[in-house]
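Take a look at the structure below.
Number of protein chains: 2
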Amino acid sequence: MALIVHKYGGTSVGAVDRIQNVARKVKGFVDNGDQVVVVVSAMSGETNRLVALAGAMQEKPDAREMDVLLSTGEQVTIALLSMALKATGCDARSYTGTQVHILTDSAHNKARILDIDEKKMRADLEAGRVVVVAGFQGVDEHGNITTLGRGGSDTTAVALAAALKADECQIYTDVDGVYTTDPRVVPEARRLDRITFEEMLEMASLGSKVLQIRSVEFAGKYNVPLRVLSSFEGKEGPGTLITYEEDGMEDARISGIAFNRDEAKLTIQGVPDQPGVAYRILGPIGEANIEIDMIVQNVASDDTTDFTFTVHRNDYDKALAILQKTAQELGAREVNGDDRIVKISLVGVGMRSHAGIASTMFEALAKEAINIRMISTSEIKISVVVDEKYLELGVRALHSAFNLEEAPAAP
Amino acid sequence: MALIVHKYGGTSVGAVDRIQNVARKVKGFVDNGDQVVVVVSAMSGETNRLVALAGAMQEKPDAREMDVLLSTGEQVTIALLSMALKATGCDARSYTGTQVHILTDSAHNKARILDIDEKKMRADLEAGRVVVVAGFQGVDEHGNITTLGRGGSDTTAVALAAALKADECQIYTDVDGVYTTDPRVVPEARRLDRITFEEMLEMASLGSKVLQIRSVEFAGKYNVPLRVLSSFEGKEGPGTLITYEEDGMEDARISGIAFNRDEAKLTIQGVPDQPGVAYRILGPIGEANIEIDMIVQNVASDDTTDFTFTVHRNDYDKALAILQKTAQELGAREVNGDDRIVKISLVGVGMRSHAGIASTMFEALAKEAINIRMISTSEIKISVVVDEKYLELGVRALHSAFNLEEAPAAP
């Protein structure tokens, strides 16, 4: 018998039959003797409907009232799922964030969970009930309704699992796990049985959007075993377990290849190489609310430096204009940029302790005559920027070079 | 400066522009220096949508979960109205039933209000804010969400007005007041400036559905001045004040004529006249969950009695079958009935102290050759049952006989 937290997103509860499908799935666990807490999102489409109504009322809808409004989406789902569970003969009880006292700070629309009172849930579980909790929402110390921001239901699930010391937190989605890369680009992409929290963070932030980043951080912090799996009938399977690094993982393992199509790069050349120059270049960009991704700086020969960074493609024109102004002020030689580039990243804890991975990567790209425009590395990833047209070719070359289509040998 | 509670029903908040219209109306009061608490229902159609979803989940949806589900309807409206108020420059804050602590018993779907904590509302009003409260919902002592049953938002408004000792509770509807009778039947029907709580109860229960009966009882009990008026632009006016009986009302005043098209009558004749016979006749009807409206018993000449009662037309066949069975058991002579009858009622506190009203009524009907099939009287009303075909003729004759189209002389 295990205590398991399930989480079902908007698509998984998007219609009457989908909710009934979730009820059957949960009942399977209960029949198996498990205790189950279910966290649900709003039915797909509902949040957008409510946001549109709010937009019709007020140009910039009040943050407190927005949370009152949006939290109704999950409240509808918890009631419906509880009914569906009862219809299958499974006793169940629903709770809003307020009722189960998911205490958050007062930062409306992006609140952070501070504490959870697990007593009510524990009593229901002991009484043989399934506990159904509204995701995405909480309550602040003054009794105001708060929300955790888009995708916050994942965070709710992990936080409940941590508070209840659950055996596992299972995130049901429309994919059956985390893949070595996007199967639409590499048909041979393979589902990973497990991945570390850190790798998952790199995969997620690099564009393989399966889980909300915050929930992964949260799970790592509280040591909650997290599993991603499919909620759809006919796609059942073990999913991917996101877990701590273990001994058996210390081989030269690459978990996957992430990529991001939305990048643009900007370069300022011939900047006098003096202290504070990086701040003088990037400060105005940050003040314009443009997020910077990669940053690379090279020292040139003549006491000047070349400085390159990437931004979201939508921000390219704005960033270029700012940079040209900065270049004049700094007396830089030249500004140029390219908004037809992409980023490809190799992710894996294995690269920490193993040399040769970077060279294998660069070799594989060179074989395909793909010119690398920028390189950046971290503990568990190597990212390269290449021309947009090489994205698919590059990802496939790397997938093959690291044999990602084959499952690793058992440790 | 007055403290006023407004209540807007589903039609009045049924669309974006309607909610904006409500915001403008409320702002008018605020600009006038009034403190305003607004109670709102779910947007029209929303409750039906939710009920349909629940029905798809569970044949007989769980009562607790139904309340969790339905209470989202009003929660959406309070958030939207608060945004709309802020957009007009009017500071506002929304509260769910739980947040403003509308404490009820635990009778899900038909809970009764036990207590209201008015401190939060009072603080907001003092701070110059409009307080927007979700109607129809409350919370029980265990933190479960409850609802007051359909139309319960009227009750919420009256209860808040009582707790806050408001100067007036204004119920905004799609009609501009209470009329002497249905203007679709009598075009000369006149809006009443005032009506007593008791008269309003008779008018409401007799089919002039403007306010939920419970809210009127509640207002009478706590002495809350209640006003019915229109929420629609271009139909502004003083509405109808529902109030205590006052001295000036002691003249022979008839307030209005109510009628009910949904009646059917059943008669059992020649029943041995002995103690307990009424119970033996009506007991089985009640056990079948059939509501009985009027009851009339006449003693016949031969130690037997004739017994007549009315039920809703939909229950006629069922009631007839039960009565035929009872007749056999009691050795009654005959059972007959008629499901093509209607009830017309004259309502007015004036009839308490004035003779001659009944005779004027019967005379007016006789002049039109309308045969009276049944008569029943109470302190403030006289009801007659007539053939269905005479409904409009009868109502018009009475409206004219009592000069209801003319406003009464000022007292």
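Line by line, the protein sequences are chains A and B.
One gets my numbering by counting positions in the first sequence from 1 and adding 1 to each.
One gets my numbering by counting positions in the second sequence from 1 and adding 1 to each.
Glycine included, every Cβ here is placed at the ideal spot set by N, Cα and C.
Since this is a predicted model, take the numbers as computed values, not measurements.
What does residue i touch in chain A if you count any residue whose Cβ is under 7 Å from its own?
i                      : result
residue 383 of chain B : Those do not exist, as residue 383 of chain B stays about 47 Å from chain A at its closest Cβ, beyond 7 Å.
Does the beta-carbon distance from residue i to residue j come in below 7 Å?
i                      : j                      : result
residue 37 of chain A  : residue 5 of chain A   : yes
residue 334 of chain B : residue 270 of chain B : yes
residue 310 of chain B : residue 323 of chain B : no
residue 463 of chain B : residue 104 of chain B : This structure does not reach residue 463 of chain B, given that chain B is present from 2 up to 412, and the question cannot be answered.
residue 39 of chain B  : residue 133 of chain B : yes
residue 386 of chain A : residue 342 of chain A : yes
residue 174 of chain B : residue 34 of chain B  : no
residue 75 of chain A  : residue 43 of chain A  : yes
residue 396 of chain B : residue 204 of chain B : no
residue 123 of chain B : residue 94 of chain B  : no
residue 17 of chain A  : residue 57 of chain B  : yes
residue 406 of chain A : residue 191 of chain A : yes
residue 119 of chain A : residue 165 of chain A : yes
residue 262 of chain A : residue 351 of chain A : no
residue 312 of chain A : residue 265 of chain A : yes
Taking Cβ positions only, does residue i come closer than 7 Å to chain B?
i                      : result
residue 144 of chain A : yes
residue 39 of chain A  : no
residue 66 of chain A  : yes
residue 77 of chain A  : yes
residue 57 of chain A  : yes
residue 73 of chain A  : yes
residue 14 of chain A  : no
residue 341 of chain A : no
residue 251 of chain A : With a pLDDT of only 48 at residue 251 of chain A, under 50, the local geometry of the prediction cannot be trusted, and the value read off the model is given with reservation. Not one chain B Cβ lies under 7 Å of residue 251 of chain A.
If the cut is a Cβ gap below 8 Å, which residues of chain B does residue i touch?
i                     : result
residue 2 of chain A  : Within chain B, no residue comes near residue 2 of chain A; the closest Cβ sits about 26 Å away, beyond 8 Å.
residue 63 of chain A : 83, 84, 87
With 16 other CB atoms within 10 Å as the buried threshold, where does residue i fall?
i                      : result
residue 100 of chain A : buried
residue 370 of chain A : exposed
residue 145 of chain B : buried
residue 337 of chain A : exposed
residue 280 of chain B : exposed
residue 403 of chain B : buried
residue 143 of chain A : exposed
residue 65 of chain B  : buried
residue 201 of chain B : buried
residue 294 of chain B : buried
residue 228 of chain A : buried
residue 8 of chain B   : buried
So residue i contacts chain A; which residues on that side make the cut at Cβ distance below 9 Å?
i                      : result
residue 126 of chain B : Residues of chain A passing the Cβ test: none, with the nearest at roughly 17 Å.
residue 17 of chain B  : 54, 57, 58
Who are the neighbours of residue i on chain A, taking C-beta pairs under 8 Å?
i                     : result
residue 69 of chain B : 76, 79, 80, 83, 95, 97
residue 20 of chain B : 58
Any beta carbon of chain A sitting closer than 7 Å to that of residue i?
i                      : result
residue 100 of chain B : yes
residue 11 of chain B  : no
Taking the DSSP output, what are the residues bridged to residue i?
i                      : result
residue 166 of chain A : DSSP output for residue 166 of chain A lists no bridge partner at all.
residue 116 of chain B : B:104
residue 415 of chain B : No answer is possible for residue 415 of chain B: it lies beyond the span of chain B, which begins at 2 and ends at 412.
residue 58 of chain B  : None, per the DSSP bridge assignment.
residue 147 of chain A : A:139
residue 375 of chain B : B:386
residue 48 of chain A  : DSSP, once it has assigned bridges, lists no residue as partnering residue 48 of chain A.
residue 264 of chain B : B:313
residue 7 of chain B   : B:39, B:171
residue 335 of chain A : A:270
Taking 6 Å as the cut-off, is the CB of residue i close to at least one heavy atom of the ligand ADP?
i                      : result
residue 169 of chain A : Looking for the ligand ADP in the displayed structure turns up nothing, as the structure carries no ligands at all.
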